[in-house]
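In order, the protein sequence lines correspond to chains A and B. At position 156 of the first sequence (counting the first as 1) the number is 379 in the numbering used here, and the numbers step up by one without a gap. At position 138 of the second sequence (counting the first as 1) the number is 388 in the numbering used here, and the numbers step up by one without a gap. See structure below.
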Amino acid sequence: MGEQLLQLLFTGLTLGSIYSIIALTLVTTFNVTGILNLAQGEFVVIGALLAVSLQGTGMPIIAVFIVSVILVAILGGLLERLTIYRARGASNLSMLIITIGLSISLRGLALLIWGTETYSLPAFSEGGSKIVGGAALNPQSIWIFALVAVTLTGLYGFLGHTFWGKAVKASVYNQTGARLQGINLNTISFLAFVAAGGLGAAAGVSIAPITMVTYDMGFMLGVKGFVAAAIGGLSNVGGAVIGGILLGILESFSSGLISSGLKDAISMIILLGVLLFRPEGIIGAIRERKI
Amino acid sequence: MKKITMRLKSKLWLALLLVLSLLISACSPTKEADVKSAGGNEPYKIGAVLDISGNSSSLGVPERDTLLMMVEKLNANGGVKGHPIDLTIMDNKSDETESVLAVKTLIEKGALAILGASSSGTSMAMIKTVQSEKVPMISLAAASSIVEPTSERQWVYKTAQSDIVMINKIISYLKKNNLNKIAFLYMNNSYGDNGKKAISAAVKDSGIDIVAEEKFDANDKDMTPQLTKVKASGAQAAIVWAIPPSASILTKNFKDIGLSIPLIHSHGVGNQKFIELAQGAADGVILPIGKLSVAQQISDNDSQKKVLESYIADYSKKYNAEPNSFGGYAWDAFNLLVNALEKAGPDRVAIRDELEKTQGFVGISGVFNMTPQDHNGLKEDSAVLVQVDQGKWKLIE
Numbered sequence: 224m225g226e227q228l229l230q231l232l233f234t235g236l237t238l239g240s241i242y243s244i245i246a247l248t249l250v251t252t253f254n255v256t257g258i259l260n261l262a263q264g265e266f267v268v269i270g271a272l273l274a275v276s277l278q279g280t281g282m283p284i285i286a287v288f289i290v291s292v293i294l295v296a297i298l299g300g301l302l303e304r305l306t307i308y309r310a311r312g313a314s315n316l317s318m319l320i321i322t323i324g325l326s327i328s329l330r331g332l333a334l335l336i337w338g339t340e341t342y343s344l345p346a347f348s349e350g351g352s353k354i355v356g357g358a359a360l361n362p363q364s365i366w367i368f369a370l371v372a373v374t375l376t377g378l379y380g381f382l383g384h385t386f387w388g389k390a391v392k393a394s395v396y397n398q399t400g401a402r403l404q405g406i407n408l409n410t411i412s413f414l415a416f417v418a419a420g421g422l423g424a425a426a427g428v429s430i431a432p433i434t435m436v437t438y439d440m441g442f443m444l445g446v447k448g449f450v451a452a453a454i455g456g457l458s459n460v461g462g463a464v465i466g467g468i469l470l471g472i473l474e475s476f477s478s479g480l481i482s483s484g485l486k487d488a489i490s491m492i493i494l495l496g497v498l499l500f501r502p503e504g505i506i507g508a509i510r511e512r513k514i
Numbered sequence: 251m252k253k254i255t256m257r258l259k260s261k262l263w264l265a266l267l268l269v270l271s272l273l274i275s276a277c278s279p280t281k282e283a284d285v286k287s288a289g290g291n292e293p294y295k296i297g298a299v300l301d302i303s304g305n306s307s308s309l310g311v312p313e314r315d316t317l318l319m320m321v322e323k324l325n326a327n328g329g330v331k332g333h334p335i336d337l338t339i340m341d342n343k344s345d346e347t348e349s350v351l352a353v354k355t356l357i358e359k360g361a362l363a364i365l366g367a368s369s370s371g372t373s374m375a376m377i378k379t380v381q382s383e384k385v386p387m388i389s390l391a392a393a394s395s396i397v398e399p400t401s402e403r404q405w406v407y408k409t410a411q412s413d414i415v416m417i418n419k420i421i422s423y424l425k426k427n428n429l430n431k432i433a434f435l436y437m438n439n440s441y442g443d444n445g446k447k448a449i450s451a452a453v454k455d456s457g458i459d460i461v462a463e464e465k466f467d468a469n470d471k472d473m474t475p476q477l478t479k480v481k482a483s484g485a486q487a488a489i490v491w492a493i494p495p496s497a498s499i500l501t502k503n504f505k506d507i508g509l510s511i512p513l514i515h516s517h518g519v520g521n522q523k524f525i526e527l528a529q530g531a532a533d534g535v536i537l538p539i540g541k542l543s544v545a546q547q548i549s550d551n552d553s554q555k556k557v558l559e560s561y562i563a564d565y566s567k568k569y570n571a572e573p574n575s576f577g578g579y580a581w582d583a584f585n586l587l588v589n590a591l592e593k594a595g596p597d598r599v600a601i602r603d604e605l606e607k608t609q610g611f612v613g614i615s616g617v618f619n620m621t622p623q624d625h626n627g628l629k630e631d632s633a634v635l636v637q638v639d640q641g642k643w644k645l646i647e
């Protein structure tokens, strides 16, 4: 029994690492721009699919990772200039709808380029799973956690210790005030989408060895990422990571100990519970922005 | 101020239009095969509904490619008694609702018969429509409930071996190797459910016990929790009813947690993609499968050998890739229909009657002998057991 529980915990951590990296990218954009980017899952998928194509040319995995991150970061910036920037001043709801449109268009684009096949990427480190205390641990999930840790430290460092980071924080707290101080909000929004693209691609390349990748996977990933972010309180970077891990562990234990058919129902009930009894997560964040 | 909002609005509209046009171009890849006039006769219209995108695309894509190849070849050789075949293929995106919409569109366009769909769920969704509109349909999916009970399925046929054919193959393997306690894992959809029903019925009075029963979703990324239960249950073999990618992920997890009991899959993983996605973990997997994947290894005396080799040659020449059993189901369905069309002409009732009279038709999936009680017509001799050995299928019996 002990071994079984440990195994379920490891699986939960693997799933949790995937959900938290996606939640993290969602929260980053939301924090900076106030836009819930529903195309985030598509950035993840396009990053992973690009990596599959690049890997096919014989590039080493580290180069594949970097090139894919750069390309999707450029795509993110480009899309911001073409859509969000042009609709600047529109309500948050319009922005949300624009990102839905982006998400559908990107999915269509991925379908045209890569077709409907499922692809996979090799794991970053060779040699399959390690047995720890009688249970198997997938080393790729450690890589994903490393990525989460690097991103978190990077974000805290950037927001707390750089000029641009402070400008971002200022514009989150008070847009008009920030503008009066000479901070260019358009540049900030642009940077947020560049980061969302790059982080999304990094997440995609890291999770593809476990989840494999198909053109239409982004939506489900986006939903799970959103649930994780909402559990953690949509505007909180650390909360997103904890939310993701919680969600992964919950799913793993509920399918391992109760019933595999009830797994998704249980995670959705938890989401509802969080929203009903601790609404300061999602609703609090939105209210704060409106003031 | 008003001007600005107006400008903004028109731009939004433009953006919406752009998105819409992208959507339309991306999501409805309806293909019409070339109709070359063969002797100038009226073409025979037939329709196909396939799972070309979405979860079961690994089934639908080779089926579409096979159908396009067959129509082209047939029309170049003069069609059916001088009538070219006008085939419309529609993508149901692996979705039940889309499947129904597609079959209705095809029937409205005057299709004489419908081929498809690729998976059990999407096929089941179409049955009500073809039964009430009285249009013959040949499904390419496995579940036996697609053609049973035949009293409610007069218009429905199928070419993939029924689950029970494959399950009997597995049961005899289990008995031969004295494996009496088994775990059964299945996908949470109609393919998995039908497999579960069939195996529960088949193990009754056979001395074999199902000691663990677990399901998972087609989108699941990790089946370790379910496999942990299997490990704790003391099963002597695990049987899995699923298709890739989830079947491949499960196989990887199975190897990762160090389970050493035999892993037996269904014919749903009978394509190279399964092995590829499992990244080496598929070695040792046993499964029942049609003879196509091991055509070179079967005996020269086998009546199917010639048909198999010619299909492999045609397909590899055109697409530069090996065909798989799913393409084979499409090959069988198309030829069964062409045979019926030759005898019946453009008449839905007569086509249905001719399909039911099919006897001794040597196809890719087996030798078909249809009767009013059996709208699949395949027996156990249509399947063989294979094992994955260094990424290749190996005949083991």
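The beta-carbon is built from N, C-alpha and C at its ideal position, and this holds for glycine as well. Note that the structure is predicted; figures quoted are calculated from it, not measured.
Test: residue i CB closer than 8 Å to a CB of chain B
| i | result |
| --- | --- |
| A:E340 | yes |
| A:I433 | yes |
| A:L408 | no |
| A:N260 | no |
| A:M443 | yes |
| A:T237 | yes |
| A:Q227 | yes |
| A:N459 | no |
| A:I269 | no |
Min CB distance residue i to chain A below 8 Å
| i | result |
| --- | --- |
| B:V406 | no |
| B:Q522 | no |
| B:I507 | yes |
| B:S483 | no |
| B:A361 | no |
| B:L527 | yes |
| B:A283 | Low confidence applies to B:A283: its pLDDT is 48, below 50, so where it sits in the model is not reliable, and the reading given next is rough at best. Not an interface residue. |
| B:Q476 | yes |
Residues bridged to residue i [DSSP beta-bridge criterion]
| i | result |
| --- | --- |
| A:I354 | A:A359 |
| B:L537 | B:V636 |
| B:Y407 | B:I388 |
| B:E572 | Paired residues: none, contrary to the question. |
| B:G297 | B:T338, B:I364 |
| B:D624 | B:T621 |
| B:Y358 | The residue you asked about is not Tyr; residue 358 of chain B is Glu in the sequence shown. Per DSSP, none; premise fails for B:E358. |
6 Å Cβ shell around residue i - same chain, five flanking residues per side excluded
| i | result |
| --- | --- |
| B:M320 | F584 |
| A:G357 | E226 |
| A:F288 | V428 |
Which listed residue (the options) has its alpha carbon closest to that of residue i
| i | options | result |
| --- | --- | --- |
| B:K644 | B:V588, B:I458, B:I548, B:T608 | B:I548 |
| B:D315 | B:K567, B:R602, B:S615, B:G508 | B:K567 |
| A:T437 | B:L317, B:D470, B:S483 | B:D470 |
| A:G405 | A:I433, A:V391, A:S328 | A:V391 |
| B:P573 | B:K454, B:K523, B:G304 | B:K523 |
| A:N260 | A:T322, A:L316, A:V267 | A:T322 |
| A:G467 | A:L480, A:G479, A:G300, A:V446 | A:V446 |
| B:G714 | B:G360, B:T355, B:E358, B:I339 | Here chain B has residues from 251 to 647 only, and residue 714 of chain B is not among them. |
| B:T379 | B:A352, B:I514, B:S369, B:T400 | B:A352 |
| A:A310 | A:R402, A:L470, A:S412 | A:S412 |
Assigned exposure category for residue i - 16 Cβ within 10 Å defines buried
| i | result |
| --- | --- |
| B:V406 | buried |
| B:F576 | buried |
| B:S510 | exposed |
| B:K425 | exposed |
| A:L302 | buried |
| A:P283 | exposed |
| A:F449 | buried |
| B:Q546 | exposed |
| B:D455 | exposed |
Cβ-based neighbour list, residue i, same chain, cut-off 7 Å, excluding 5 preceding and 5 following
| i | result |
| --- | --- |
| B:A600 | A594 |
| B:L337 | A283, I296, A298, L317, V321 |
| A:L360 | F233, S352, K353 |
Neighbourhood of residue i by C-beta, 8 Å cutoff - its chain only, sequence neighbours within 5 removed
| i | result |
| --- | --- |
| B:Q381 | E402, R403, Q404, W405, V406 |
| B:V480 | A433, L435, A462, E464, A488, L509 |
| B:L586 | I388, Y407, T409, L605, T608, F611, G613, F618 |
| B:S307 | D301, S344 |
| B:Y565 | D315, T316, M319, A571, E572, P573, G577 |
Distance cut-off 7 Å: residue i Cβ against heavy atoms of the ligand SAH
| i | result |
| --- | --- |
| B:L351 | Here there are no bound small molecules, and the ligand SAH is not part of this structure. |
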